[in-house]
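Just below is one structure, and these are the notes that go with it.
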Amino acid sequence: MRERAFTFGTHGNLFGVLSEPDPAEAVPGAPAVLLANMGVNHRVGANRLWVDLARRLSRQGSHVLRFDLSGLGDSLPRPGAHGDLERATLDLREAMDFVRAKGGPDTFAVMGLCSGADSAHAVAVADPRVRAVVYIDGFVWRTPGFWLRYWTTRRLEPSRWRRYARRRATRRRGGPREAGEAAEIYQRDMPTPEQFQKDLRTLLHRGTAVLALYTGGLMDYAYRTQIEEMVGDLARHPLFESDYFPRADHLFADLAEHQKLLVRLGAWMRDRVAPARAREASA
Amino acid sequence: MEPVSFGTSDRQLLGVYYPPEGDQARDAAVLVCGPAPQEYMRTHWAVRKLAALLSRRGFPVLRFDYFATGDSAGETEEGRPSLWVEDVGAAARELLDVSGAYAISAVGLRLGAALASAASAEGLELEDLVLWEPVVQGGAYVDELRAVAARKYSELLFPPDQSPGSGQLLGYAFPAEVEAETRAVDLLARRPCPRGRVIFAVAEERPEYLALRARLLEGAGSGGPAVGWIHRPEESGSLDGALLSSVILTAIADALEPS
Chain W
37 MRERAFTFGT HGNLFGVLSE PDPAEAVPGA PAVLLANMGV NHRVGANRLW
87 VDLARRLSRQ GSHVLRFDLS GLGDSLPRPG AHGDLERATL DLREAMDFVR
137 AKGGPDTFAV MGLCSGADSA HAVAVADPRV RAVVYIDGFV WRTPGFWLRY
187 WTTRRLEPSR WRRYARRRAT RRRGGPREAG EAAEIYQRDM PTPEQFQKDL
237 RTLLHRGTAV LALYTGGLMD YAYRTQIEEM VGDLARHPLF ESDYFPRADH
287 LFADLAEHQK LLVRLGAWMR DRVAPARARE ASA
Chain E
3 MEPVSFGTSD RQLLGVYYPP EGDQARDAAV LVCGPAPQEY MRTHWAVRKL
53 AALLSRRGFP VLRFDYFATG DSAGETEEGR PSLWVEDVGA AARELLDVSG
103 AYAISAVGLR LGAALASAAS AEGLELEDLV LWEPVVQGGA YVDELRAVAA
153 RKYSELLFPP DQSPGSGQLL GYAFPAEVEA ETRAVDLLAR RPCPRGRVIF
203 AVAEERPEYL ALRARLLEGA GSGGPAVGWI HRPEESGSLD GALLSSVILT
253 AIADALEPS
């Protein structure tokens, strides 16, 4: 595996690091992986998550580009007036062109966490080169099953009472806090449930594999099978998978959970995505 | 802005070089040493802004990721202060090479200030050294990070173990030997010796800053570096303000310009 940093894109404004597999280990048909920003965190990812993931997937035989979207991290703003998702889609498409020009494959897996899932979804719908997409704490809405738990068993969970006691004790003690910790400053515009289901159907019927992962840090996601309630029959599509990390926080700050996520994504790419692409390519 | 790779084959470091803009040639290039690793992510934007500002003022600038942090090579648990002090030296050599400058000043933020200071004490030749909200004593710094972690993770249903034996702190591996090295950081014990000035850039007059300044002033009369003091109290009360405002960045750039 080797890594090199580049500036790229039509306007030369994008900054990223390309991880390339050793030629002997490159997996034929494996899509290249694109990792863009999680919120305003730059391409390294919170707790270095994207660096660790890029290196793991590259050692498994994939090209991986982690990069900053226009105006974030080390990427300069894109000229012209664009909405957030339109701009992110243009950036991600230019990232695909760049990987291809560097000798990578012409199919892609796009992975996004939190608002990064929004841009991953937008480009997956817009560009048929995207053959796999991962949403980590991506789209969510409260289902009847969520509300049932909310008003019943949720109040009986010991972890919630422990947290209540911990919060009170911590607030009494005062002390330093981390910058930006206090207020929710990000606002996401999620698609409606109907629009998301429609998009998901389009992706799956097009042959794009979808993996939806959720953590216990996402307030609106309360139990492992909530996604099945959210997307109905589509959850049973052979190209659709989901998983739940109830003990992980939104940014996988615990090293054991961080590691579990890397293993899960690595296995999905190795066992599901790459072989499917190889079959497709040889058909 | 140009990405640069440097270091040895088993310790490749990634940096971003900013060529000087305009026709105001400067004598010294500026090396920006950020914090690592627990405060790395939330200071990235401020470090990037400072580098771009200095470049617009005509300085060649390099900022970089220490070994096992950010985009540089290495697993997170392999990083430690003694290696990062070596990285400061490697980055300084790279900056001299890529810029063609004859001298270097350094700006160190938080732990980066301690690392740049240690590199200077170990013989790295610097013109000026800016200590930006410096970590003066490693023990207090680690205790502060643990207090931040306790508060931050009190909001989680399953808070990650942040105790000294857990091997992790604020999302990063933090093995016992790294903690021991970090706790051993002590700017009061080993004074930096740049040719020009040691300049503090601080939002509040913390006792440890005043103690370090007094210590440096003791040596200033006997051949030690002169001491500068940038205090921007309007930045205090909010670390967000200190990190996102341009006031302190502009003050640092002003201080580095020849009078």
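Protein sequences, first through last, are from chains W and E.
The numbering used here applies: residue 37 is where the first sequence begins, and numbers increase by one.
The numbering used here applies: residue 3 is where the second sequence begins, and numbers increase by one.
By construction, the Cβ of each residue, glycine as well, lies at the ideal position given by its N, Cα and C atoms.
Buried or exposed (CB count within 10 angstroms, at least 16 for buried), residue i
i: P22/E; result: buried
i: K154/E; result: buried
i: M305/W; result: buried
i: Q170/E; result: buried
i: R242/W; result: exposed
i: A245/W; result: buried
i: W183/W; result: exposed
i: Q96/W; result: buried
i: L190/E; result: exposed
i: A203/E; result: buried
i: T261/W; result: exposed
i: W86/W; result: buried
i: Q164/E; result: buried
i: P1/E; result: Lying outside 3 to 261, the shown extent of chain E, residue 1/E is not represented and no answer is given.
i: D142/W; result: exposed
i: Q139/E; result: buried
i: S94/W; result: buried
Cβ-based neighbour list, residue i, same chain, cut-off 6 Å, excluding 5 preceding and 5 following
i: S318/W; result: none
i: Q26/E; result: G60
i: P37/E; result: T45, L111, R112, L113 and G114
i: M226/W; result: F175
Contacting residues, own chain, Cβ-Cβ under 7 Å from residue i (five flanking each side not counted)
i: L287/W; result: A82 and N83
i: D178/W; result: Reading off the sequence shown, one finds Arg at residue 178/W, where the question assumed Asp. Hits under 7 Å: D256.
i: T71/E; result: A38, P39, Y42 and G81
i: Y22/W; result: Residue 22/W falls outside the range modelled here, since chain W spans only 37 to 319, and no answer is possible.
i: C144/E; result: Just to set this straight, residue 144/E is Val in the shown sequence, not Cys. Cβ neighbours of V144/E beyond the five flanking positions: E181, T184 and R185.
i: R234/E; result: A205, V249, I250 and A253
Residue i versus residue j: straight-line alpha-carbon distance, rounded
i: A205/E; j: E193/W; result: 43 Å
i: D110/W; j: P62/E; result: 17 Å
i: E122/W; j: V69/W; result: 20 Å
i: Q14/E; j: H273/W; result: 44 Å
i: E41/E; j: G268/W; result: 42 Å
i: G216/W; j: V49/E; result: Only weak support exists for where G216/W lies, its pLDDT of 49 falling under 50; the coordinates are left without a value.
i: F134/W; j: R40/W; result: 13 Å
i: P194/E; j: Y20/E; result: 26 Å
i: S67/E; j: D58/W; result: Rather than Ser, the amino acid found at residue 67/E in this sequence is Asp. The straight-line gap from Cα to Cα measures roughly 24 Å.
i: A92/E; j: R190/W; result: 54 Å
i: L147/E; j: A258/W; result: 31 Å
i: L85/E; j: L214/E; result: 24 Å
i: G45/W; j: Q233/W; result: 32 Å
Close beta carbons around residue i, own chain, < 8 Å, minus the five adjacent residues each side
i: K51/E; result: S248 and L251
i: E135/E; result: L111, R112, A115, A203, V204, A205 and A244
ask   = Between the stretch 167 to 182 of chain E and chain W, which residues of the former have CB atoms less than 8 Å from a CB of the latter, in chain order?
value = G169, Q170, L172, G173, Y174 and A175
**Request:** Name, going along the chain, the residues of the stretch 58 to 92 of chain W whose beta-carbon falls closer than 8 Å to a beta-carbon of chain E.
**Result:** V76, N77, H78, R79, V80, A82, N83, R84, V87 and D88
Task: At least 3 beta-carbon pairs within less than 8 Å: the stretch 121 to 130 of chain E vs the stretch 168 to 183 of chain E - done: no
* contact_flag[the stretch 27 to 35 of chain E, the stretch 91 to 103 of chain E] where n(CB pairs < 8 Å) is 3 or more -> yes
**Asked** When the Cβ atoms of the stretch 46 to 61 of chain W are set against those of the stretch 98 to 110 of chain W, are three or more pairs found closer than 8 Å?
**Response** Cβ pair count under 8 Å is three or more, so yes.
Can you list, in chain order, the residues of the stretch 246 to 257 of chain W whose Cβ is nearer than 9 Å to any Cβ on chain E?
G252 and G253
*Between the stretch 73 to 86 of chain E and chain W, which residues of the former have a C-beta closer than 7 Å to a C-beta of the latter?*
D73 and T78
Worksheet entry | chain E contacts made by the stretch 116 to 136 of chain W, where a contact means CB separation under 7 Å | none
| For the stretch 59 to 70 of chain E, which residues have a beta carbon sitting closer than 7 Å to at least one beta carbon of chain W? | none
message: Any C-beta of chain E within less than 7 Å: which residues of the stretch 182 to 212 of chain W qualify?
response: Against chain E - using a Cβ distance shorter than 7 Å - the residues of the stretch 182 to 212 of chain W are S195, R196, R199, R202, R203, T206, G211 and P212.
Output needed in chain order: residues of the stretch 154 to 168 of chain E with a Cβ under 9 Å from some Cβ in chain W. Answer in chain order: K154, Y155, S156, E157, L158, L159, F160, P161, P162, D163 and S168.
Exercise. Closer than 7 Å, Cβ to Cβ, to anything on chain W: give me those residues from the stretch 14 to 36 of chain E, in chain order.
Key: L16 and V18
Under 8 Å, with one C-beta from each stretch per pair, do the stretch 167 to 181 of chain W and the stretch 142 to 159 of chain W reach the 3-pair mark? yes
### Under 8 Å (Cβ pairs) to chain W, residues found in the stretch 140 to 155 of chain E
E146, A149, V150, A152, R153, K154 and Y155
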